[in-house]
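Colleague:
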Amino acid sequence: AVVSTQSTGGNVFFRKGQTEIAHNIYSEVVGIWSNMLKSVVKLEEPQPDTGLTSFVDKPVEEGETLDEAQEAEAIQMLHAIYELQQSNTAYGATNMVTLLHTLALLHTHLMGYLKAQEFAQDALTCAQENGLETTELEGLKSFISAKC
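Structure below.
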């Protein structure tokens, strides 16, 4: 609910022409979703096979997951921000890479791997064009490619 309020606040500032405040709010919203989705998608990664078998069941680690309402909220919010910012150079390359990366994580979680691959590629291209770090994006892109 906090994320919804922040996104709504960003829209109010955006409509009033206070774009810098709106960009800051949008970046905060994307950052929250990014952190949550990194935690969720990490849980979906296969664990390395050590070749050893254990007769003792290992406890399953509790981690974050998204329920249906959170998934719907993430889809609506992140895509709305993307629609507003995709042609807005004032949003900044770093913010756009984070947004695209977050959308790739979201679609990976939703098992929409083709869409995830598109967002991951767009994030990687934007990062490369602007001299930003690409290691995490390349890892995600490889992970998604293995799922396709």
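According to the working numbering, the sequence shown is numbered sequentially starting from 2. Don't be surprised by glycine CBs; every beta carbon is placed ideally from N, CA and C. Please read all numbers here as calculations on a predicted model, not as lab measurements.
Using a Cβ-Cβ cut-off of 8 Å (strictly less than) and excluding sequence neighbours within five positions of Leu-125, which residues of its own chain qualify?
Modeller: What you label residue 125 is simply residue 124 of the sequence shown in a count that begins at 1. Correct list, in chain order: Thr-135, Leu-138, Glu-139, Lys-142.
Colleague: Does DSSP put Met-112 in a helix, in a strand, or in coil?
Modeller: The sequence position of residue 112 within the sequence shown is 111, counting from 1. In this structure, Met-112 counts as coil in the three-state DSSP scheme.
Colleague: Would the beta-carbon of Ser-35 fall within 8 Å of that of His-102?
Modeller: The sequence position of residue 35 within the sequence shown is 34, counting from 1. The sequence position of residue 102 within the sequence shown is 101, counting from 1. Against a cut-off of 8 Å, the Cβ pair of His-102 and Ser-35 comes out as a contact.
Colleague: Could you give the distance in angstroms between the alpha-carbon of Glu-172 and the alpha-carbon of His-110?
Modeller: In this structure the chain extends from 2 to 149, so residue 172 is not present and cannot be described.
Colleague: Which residues bound the alpha helix (DSSP H) around Tyr-92?
Modeller: As a first step, residue 92 is located in the sequence shown; it is residue number 91 there, counting from the start. Note, Tyr-92: premise wrong, no alpha helix (DSSP H); not H, not E.
Colleague: Inspect the beta-carbon positions of Leu-106 and Lys-39 and report whether they are closer than 8 Å.
Modeller: Position 105 of the sequence shown, counted from the start, is the residue given in the question as residue 106. Position 38 of the sequence shown, counted from the start, is the residue given in the question as residue 39. Yes; because the gap between Cβ atoms is below 8 Å, this pair is in contact.
Colleague: Determine the contact status of Ile-76 and Val-30, defining contact as a CB-CB distance below 8 Å.
Modeller: To locate residue 76, count along the sequence shown from 1; it is residue 75. To locate residue 30, count along the sequence shown from 1; it is residue 29. It is not a contact, given that the beta carbons lie outside the stated cut-off.
Colleague: Do Ser-28 and Asn-96 have their CB atoms nearer than 8 Å?
Modeller: Position 27 of the sequence shown, counted from the start, is the residue given in the question as residue 28. Position 95 of the sequence shown, counted from the start, is the residue given in the question as residue 96. Yes.
Colleague: For Gln-129, does the count of other Cβ atoms within 10 angstroms reach 16, so buried, or fall short, so exposed?
Modeller: As a first step, residue 129 is located in the sequence shown; it is residue number 128 there, counting from the start. Gln-129 should be labelled exposed.
Colleague: Determine the closest residue to Glu-145 out of Leu-115, Cys-127, Met-78, with distance taken between C-alpha atoms.
Modeller: Along the sequence shown, read from residue 1 onward, the residue named residue 145 stands at position 144. The sequence as given places Ile at residue 145; Glu does not occur at that position. Ile-145 has its Cα closest to that of Leu-115, out of Leu-115, Cys-127, Met-78.
Colleague: Spatial neighbours of Ser-55 within its chain, please: C-beta separation below 6 Å, excluding the five flanking residues on both sides.
Modeller: Here residue 55 is taken as the residue at index 54 of the sequence shown, counted from 1. Note that Ser-55 scores 42 on pLDDT, short of 50, meaning its location in the model is unreliable; the coordinates nonetheless yield the value given after this. Around Ser-55: no qualifying Cβ.
Colleague: Can you grab the Cα-Cα spacing for the pair Leu-85 / Ala-147, in whole Å?
Modeller: As a working note, residue 85 is residue 84 in the sequence shown. As a working note, residue 147 is residue 146 in the sequence shown. C-alpha separation (whole angstroms): 31 Å.
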